[in-house]
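Asker: Okay, handing you the structure first.
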Amino acid sequence: MSTILKIFVFPAALVIMCLGVLTILGGHITPGGGFQGGAMIAAGFIFCLVVYGLKESPFHLSHDFLAAIESIGALGFVLLGLAGLIFSGFYLYNLGVNLYGIVPAFIQNIFDYPDPIHAGIIPYLNFVVGLKVMVGLSAVVIAFLGFKEFEDGEEEAQE
Amino acid sequence: MIIYAGPLILGFLLGFLLGTRIKENPLSKLKFDASVYAIFLIVAVIVAYFIQPFPYYADAPLASGFVACAVGIIFGKLIFGRQRAPQEIEE
Chain A
25 MSTILKIFVF
35 PAALVIMCLG
45 VLTILGGHIT
55 PGGGFQGGAM
65 IAAGFIFCLV
75 VYGLKESPFH
85 LSHDFLAAIE
95 SIGALGFVLL
105 GLAGLIFSGF
115 YLYNLGVNLY
125 GIVPAFIQNI
135 FDYPDPIHAG
145 IIPYLNFVVG
155 LKVMVGLSAV
165 VIAFLGFKEF
175 EDGEEEAQE
Chain B
-1 MIIYAGPLIL
9 GFLLGFLLGT
19 RIKENPLSKL
29 KFDASVYAIF
39 LIVAVIVAYF
49 IQPFPYYADA
59 PLASGFVACA
69 VGIIFGKLIF
79 GRQRAPQEIE
89 E
């Protein structure tokens, strides 16, 4: 890759990631959400991986990190759903908003999102979905690049 | 003035998580020093100003979650973003 790309891509990827985070944060009030924002953050990672390659990329996503974040994302979603089931009887009930008035006030306060529209658990769900999508899409590209390097290494060994 | 903590905290957390993953390869010729992050922060504030805050989030004239994420990335890099260990490069 050219030198200009190598200088430009890392800061640009950081800005793309910030935009992805903003998309996640505004998921309950504007178009976008966890999946779209997570895909944008993954696009930042992938941008770096394509330009710098797997070994030289300034972002290093280890297998343990990918597994941990994927698990935290999935578990967070399930646990938020189960909290609704426990306190209201409905899976994924929006505890922070409490539309039917069936949740005690102190539980409602715990899950209330501190913002002007009090969106309840929706921003937290967007957050965990964003984490999961971010590492999921990045893991696919990292695996493909790893396979390609492995194939190239084998071809060189045969020659 | 009311400050809405939700986007600031979640934005900082996500940014911090991303910043901890910035681990440069010590064998690489590419070096991203402090000037890159300074320029990134300035650009982030400018972009956040032009994006404007979300509807109903009129606590600041810029997208506060965007700036919180940029600050989180820099903090994550400063605290956990060390250079990769030799065995990590071999993997």
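Top to bottom, those sequences are chains A and B. Sequential numbering from 25 applies to the first sequence in my numbering. Sequential numbering from -1 applies to the second sequence in my numbering. Glycine included, every Cβ here is placed at the ideal spot set by N, Cα and C.
Look at the alpha carbon of I31/A and the alpha carbon of L103/A, and state the distance between them as a whole number of angstroms.
Answerer: Answer to the nearest angstrom: the Cα atoms are 42 angstroms apart.
Asker: So if I threshold CB-CB distances at 8 angstroms, which residues from the segment 60 to 80 of chain B count as touching chain A?
Answerer: For the segment 60 to 80 of chain B, which is checked against every Cβ of chain A, the residues closer than 8 angstroms are A61, G63, F64, C67, A68, I71.
Asker: By how many angstroms is the C-alpha of G154/A removed from the C-alpha of D139/A?
Answerer: C-alpha separation (whole angstroms): 19 angstroms.
Asker: To the nearest angstrom, how far is it from the Cα of N23/B to the Cα of Q50/B?
Answerer: Roughly 36 angstroms between the two C-alpha positions.
Asker: For the segment 69 to 82 of chain A, which residues have a CB atom closer than 9 angstroms to at least one CB atom of chain B, in sequence order?
Answerer: Going along the segment 69 to 82 of chain A in chain order, one finds F69, Y76, K79, E80, S81, P82 with a Cβ nearer than 9 angstroms to chain B.
Asker: Identify which residue in A36/A, G58/A, M25/A, C72/A has its Cα closest to the Cα of Y35/B.
Answerer: Checking every option, the nearest Cα to that of Y35/B belongs to A36/A.
Asker: Give, in chain order, every unbroken run of the alpha helix (DSSP H) that is at least 4 residues long and sits entirely within the segment 82 to 156 of chain A.
Answerer: Runs found: 87 to 112, 129 to 135.
Asker: Measure the Cβ-Cβ separation of I65/A and G57/A and say whether it is below 8 angstroms.
Answerer: No, they are not a contact pair.
Asker: Which residue's Cα is closest to the Cα of L38/A: A3/B, R82/B, F78/B, G70/B?
Answerer: Residue G70/B is the option with its Cα nearest to L38/A.
Asker: For the alpha helix (DSSP H) containing A36/B, list its first residue and its last residue.
Answerer: First-last of the alpha helix (DSSP H) with A36/B: 32 to 49.
Asker: In whole angstroms, give me the CA-to-CA distance for D57/B and Y2/B.
Answerer: Each residue's alpha carbon lies about 7 angstroms from the other.
Asker: Would you mind telling me which residues of chain A sit closer than 7 angstroms to A3/B, beta carbon to beta carbon, in chain order?
Answerer: In chain order: P138.
Asker: Any residues in the segment 16 to 45 of chain B with a beta carbon nearer than 8 angstroms to a beta carbon of chain A? Which ones, in chain order?
Answerer: Taking 8 angstroms as the Cβ-Cβ cut-off against chain A, the residues of the segment 16 to 45 of chain B that qualify are L16, R19, I20, K21, E22, N23, S26, L28, F30, V34, I37, F38, V41, A42, V45.
Asker: Opposite I91/B in the DSSP bridges: which residues?
Answerer: No information on residue 91/B is available, as it lies outside the stretch -1 to 89 that chain B covers here.
Asker: Using a Cβ-Cβ cut-off of 8 angstroms, state whether Y47/B counts as contacting chain A.
Answerer: Closer than 8 angstroms: no.
Asker: Can a CB atom of chain A be found closer than 8 angstroms to the CB of F14/B?
Answerer: Not one chain A Cβ lies under 8 angstroms of F14/B.
Asker: Name, please, each residue of chain B whose Cβ falls closer than 9 angstroms to the Cβ of I48/A.
Answerer: Ordered by position in chain B, the residues that pass the 9 angstroms Cβ test against I48/A are L8, G9, L12, G63.
Asker: Just reading off the alpha helix (DSSP H) that S62/B is part of, what are its end residues?
Answerer: S62/B -> alpha helix (DSSP H) spans 62 to 78.
Asker: What does the alpha-carbon distance come out to for the pair E175/A and D88/A?
Answerer: Taking the straight line from one Cα to the other gives about 24 angstroms.
Asker: Can the beta-carbon of L16/B be found closer than 8 angstroms to that of M41/A?
Answerer: Contact: yes.
Asker: Using a Cβ cut-off of 8 angstroms (strictly closer), state whether K156/A contacts chain B.
Answerer: Chain B contact via Cβ: absent.
Asker: Give a yes or no on whether the minimum CB-CB distance between M64/A and chain B is below 8 angstroms.
Answerer: Not closer than 8 angstroms to any Cβ of chain B, the Cβ of M64/A fails to qualify, so no.
Asker: Going by the CB atoms, is the gap between G97/A and V152/A shorter than 8 angstroms?
Answerer: Yes, the Cβ-Cβ distance between V152/A and G97/A is below 8 angstroms.
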